[in-house]
Amino acid sequence: MAVITYREALTQALREELTRDENVFLMGEEVAQYNGAYKVSKGLLDEFGPMRIVDTPITELGFAGVGVGSAMVGLRPIIEFMTWNFALLALDQVVNAAAKMLYMSGGQFNMPMVFRGPNGSALQLSAQHSQAWESWLAHIPGLKVVTPGTPADAKGLLKSAIRDDNPVVFLEGEMLYNTKGEVSDDADLLVPIGKADIKREGSDCTIVTHGKMVLIALQVAEALAKENIAVEIVDLRTIRPMDVEAIATSVQKTNRVVVLEEGWEMCGVGAQVADFIQRECFDDLDAPVIRVHQADTPMPYAKNLERAAKPDVPKAIAAIKKVMYLA
Amino acid sequence: MGTGTGGGRLTDTIEREQTRKPKQEMQTTNEPAEATAAEQATLRKELLRSMLLQRRFEERCAEAYALGKIGGFCHLYIGQEAISAGTMSVLRPDDYVVTSYRDHGQAIARGVTPRSVMSELFGRVDGCSGGKGGSMHLFDKKLGFLGGHGIVGGHIPLAGGVGWAIKYRKGDQVCVCFFGEAAVNIGAFHEALNIASLWSLPCVFVIENNRYGMGTAISRSTANEDVKARAAAYRMLGESVDAQDVFAVRDAMGRAVALARKDSKPTLIEMRTYRFMGHSMSDAASGTYRSREELEENMKRDPIVILHDIMRANNELSDGEFSKLDEEQKAICQDAWDFADASAEPPLENLFTNVLVESTS
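Here the protein sequences come in this chain order: W and B.
Reading the first sequence from the start, the letters are residues 1 to 327 in my numbering.
Reading the second sequence from the start, the letters are residues 1001 to 1361 in my numbering.
Written out as C-alpha cells, the structure reads:
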C-alpha cells in the first residue's frame, strides 16, 4: 500500500494492463508526446511506443470509431476523451456502434473497449466544459458505466474495465486527479464492476452517491457526526449495472435517504435510485427520498453563481436534516 | 413499396434487348496476360452468376416485403450489383468488408448464404444476425463481413479501425468500406479519411454514387459533385469508375486493394452507378424526385445485361446457358425463401441475450 493520487492510480492501472496484454492500446488527443492533457498517460509513450500510446488529431468521432473498428477484430482499445464534453461529438460511436454491435450482430461481435476521460465540472469552466454525463450514458443497454471516487477505486475499476469484454464508459472526476488515497500495488487486485461500496457506516441516514460527490458525502458525514448524526455512505461506483442490493440493505438499516449527484435533476441518476428504493424499500422509508444535484441551469462562469449551482456540503447537510425532520 | 420497373412485374428487372449490338470495346480488362481465354470466360461467368444471384434475391425481397414477410426498412441494391461482384472478386477470404444499410447484395457477393440472409430479413433465428439485426444489420464474422450499419457515414471510421488493427498486427489484409455518395458530406467521412491517410491504413473507401441520397439529387446536396476530388484533401488517390461495367470495378478495386495490401495506403473510389429501385421499399422508383424517363434511360445500362452482351459476343454463353444459369439462381432464392419461411422465430428469451458478454480477458 502506498498513498498516491487518483491520477497516479489511473496511470498505474494503464501501465499494468498495457504490460499484461499486448492487444491493449491507448488512443486519444495529446495522450502520447504531451503526456496527456491531465497527465494520466505520463511516461507511457516512452515505455510502450507509438503503436500502443497513440496521439490523434482533434477528431473525437473519428478516433472513437477507429477504436470500435479495431475492437471488432479483437484489439482492446482504451479511447481517451480529453473531457466527456468533447465526447458528445463521438456519441454516435459510443451509443450506436459500441453499445449495439453485440446485439445487432446476434452475438458475433463483442466490444472489448474502454471510453474514458474526465467528467463533471471543475472550477469556472462555465457551460460547455462543466457537465456530468453519467445519466445520459447509463440510459443505454449494452454499456457499463463506471464512476470511481477514490484512487483505490480508480485503479481497481480501470483494470476491471480494460479486462472486461464489453464496452465500458469510465468517467473520471476532473477535480479528483490530485486527490490522494491508499492504493495497493498488487497488479492483480481488481475492483469489480457493478458492486457498490460502503464508504462509511452509519445508522441514521443513508447518502447514495458516486464519483466526485463521494468526497462531499464524506465531509458531510464527518460534520454531522459532531451533531451525533451517523450517516452511512453508499458509493455506487458503477452506475450501470447498479448495485440495487447494496442500496436496499442500507435503506433497510437507516430508513432515510439522500441521493447526492453532480448532474442535473431531470431524469438523473438520483431519479433511478429513488425509483429502485420505492420499489424495493417502500415499507422501510420513514421519509420521502430527497435529492441533491446541480441547479437546473447551464453552469455559470461567475464564482458566486457557480457555487450556487453546484451541490456542496451545506446543501447536502440541509437535505439530511430535512429527511430526518430536524429542519 | 416501390413500383419497380416502370409498372412492370418486380420479379424480372432485367429487361433484355435481344437485338442490341454488343460493344466489342467493352471486353478490355486488366487481367494478367497469362490468364487464358478459358479462365477469363470462367471469371466472366462467375461475375455474371454473382450479379444474377443478387438481382434475383432482391426481387424476391421486394415480393416478400409486399407480403409483409420482411418488416422495417428494406433498401434494395438492384442496379448496383457490379460493385459488389467486382469488389468481392478481388478480395481474399481473410480481408474485411464494412458497409452501410444497403447491404444484401454485398453480403451475398461476399458469400453469406442466401438462406441466412433471407432468414435475417424474415426475422428468424437462422438469420446471419440471429434475427436481431434485420435488413440493415447483416453480419458474418467468419467471412470478415463486419456489418451493415444504419447511420449514414457512421461506419466509415470503423473501417479505419480495422485498418489500424491490421497495421498493429503487421498483417497484409485489406478493409473495404462501402457507403453512398450522400455520406461524403458527413463529418465521419472526413475524419475517417484523414486518419486513414495520416496513418497509412490499408483501406479502400468505396463511394457508391447512385446519384440520390434518399430523394435528394447530388446536385442539390453536394457543392462539388466530383466526389472523388475529396481524396485530394487527404493526399489520397481518388478515382472514378463506370460501375455498371463489372470489369471496370474489378480493375479499379484490384489496383486499390493491391496498393493497400502492399504499401498500406488507402484509396477513395467513386463507383458511378444508378439505383433502379426507390431509396427503400417505401418510395416509388420514380415520379417524385426523379422522372420515369431518367430512370428508364439509366436502366438501359444494366450491369447484368452489359456483361451478358460481352459474353454473347464472345460466343461463350448461349441464351440457353444464360437461362439455365438464371434459373439456377432463382432456385437458390426460392430455397432461401422456403428455408427462411420454415425457420423459427427467435425464442423470447433471446430478447435479453447478446446485450453484454459475461467474459473478461
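Don't be surprised by glycine CBs; every beta carbon is placed ideally from N, CA and C.
- Residue state for Asn1350/B is assigned as helix, using DSSP reduced to three classes.
- Around the C-beta of Thr1288/B, fewer than 16 other C-beta atoms lie within 10 Å, and the residue is accordingly described as exposed.
- The C-alpha of Tyr34/W lies about 9 Å from the C-alpha of Ser41/W.
- For Val258/W against Ala327/W, the beta-carbon gap comes to about 12 Å, at or over 8 Å, which does not count as contact.
- The beta carbon of Asn1210/B sits closer than 8 Å to those of Gly1079, Gln1080, Gly1180, Glu1181, Thr1273, Tyr1274 and Arg1275, all from its chain and outside the five residues before and after it, given in chain order.
- Between Ala1182/B and chain W, the shortest Cβ-Cβ separation is not below 8 Å.
- With respect to the 8 Å criterion, Arg15/W and Leu44/W are classified as neighbours on the basis of their beta carbons.
- A distance below 6 Å between beta-carbons, with the five flanking residues on each side excluded, links Phe1339/B to the following residues of its chain, in chain order: Arg1115.
- For the set Ala309/W, Phe48/W, Tyr103/W and Leu285/W, the Cα lying nearest the Cα of Thr206/W is the one of Leu285/W.
- Met266/W sits in coil when the DSSP states are folded into three classes, being neither helix nor strand.
- Distance from the Cα of Met1051/B is smallest, within the candidate group Ala1035/B, Leu1325/B and Ser1359/B, for Leu1325/B.
- Closer than 8 Å to the CB of Thr19/W there is not a single CB belonging to chain B.
- Note: Gly28/W is bridge-paired with Asp55/W and Glu80/W in the DSSP secondary-structure output.
- Of Ile1156/B, Trp1164/B, Gly1161/B and Asp1095/B, the smallest CA-CA separation from Asp1140/B is found for Asp1095/B.
- DSSP links Arg116/W through a beta bridge to Glu80/W and Phe170/W.
- About 17 Å separates the CB atoms of Glu172/W and Arg240/W; that is not less than 8 Å, and the two are not in contact.
- Under the three-pair Cβ rule at 8 Å, the stretch 1124 to 1133 of chain B counts as touching the stretch 94 to 106 of chain W.
- Contact of Tyr1101/B with chain W is not assigned, every C-beta pair being separated by 8 Å or more.
- Annotated three-state conformation of Glu227/W is coil, per DSSP.
- Between Val146/W and Gly156/W, the alpha-carbon positions lie close to 11 Å from each other.
- Scanning Asn1354/B, Ile1304/B and Asn1315/B for the CA closest to the CA of Leu1048/B turns up Ile1304/B.
- With respect to Arg200/W, Leu176/W sits apart: the two C-beta atoms are not nearer than 8 Å.
- Below 8 Å, enough C-beta pairs join the stretch 1259 to 1268 of chain B and the stretch 1200 to 1207 of chain B to call them touching: three or more.
- Legend: CB atoms of the stretch 1058 to 1073 of chain B lying less than 7 Å from CB atoms of chain W are not found in any residue.
- With a cutoff of 8 Å on beta-carbon distance, Arg76/W and Asn110/W are scored as not near each other.
- Residues of chain B whose Cβ lies closer than 8 Å to the Cβ of Leu158/W do not exist, since the nearest Cβ in that chain is about 13 Å away.
- Per DSSP, Phe1145/B lies in no alpha helix (DSSP H); the unbroken beta strand (DSSP E) holding it starts and ends at Phe1145 to Gly1148.
- Taking 8 Å as the cut-off, the beta carbon of Leu1356/B is found closer than this to the beta carbon of Gly142/W.
- Inclusion of Pro112/W and Asp186/W in the CB contact set at 8 Å is not warranted, their separation being larger than that value.
- If you draw a straight line from the Cα of Glu262/W to the Cα of Gly270/W, it comes to about 10 Å.
- Only His1137, Phe1139, Lys1141, Leu1146, Gly1147, Ile1151, Gly1154, Pro1157, Leu1158, Ala1159, Gly1160, Gly1161, Val1162, Trp1164, Ala1165 and Tyr1168 from the stretch 1137 to 1171 of chain B bring a Cβ to less than 7 Å from some Cβ of chain W.
- With respect to chain W, the C-beta atom of Ala1107/B has no partner C-beta closer than 8 Å.
- Looking at Leu1143/B, Ile1306/B, His1190/B and Arg1044/B, the one whose alpha-carbon comes closest to that of Pro1157/B is His1190/B.
- Of the residues assessed, Met1/W falls on the exposed side of the cut-off, its CB having fewer than 16 other CB atoms within 10 angstroms.
- Think of a sphere of 7 Å around the beta carbon of Phe81/W: no beta carbon from chain B falls inside it, the nearest being about 14 Å out.
- Rounded to whole angstroms, Val68/W and Gly1161/B show a C-alpha spacing of 7 Å.
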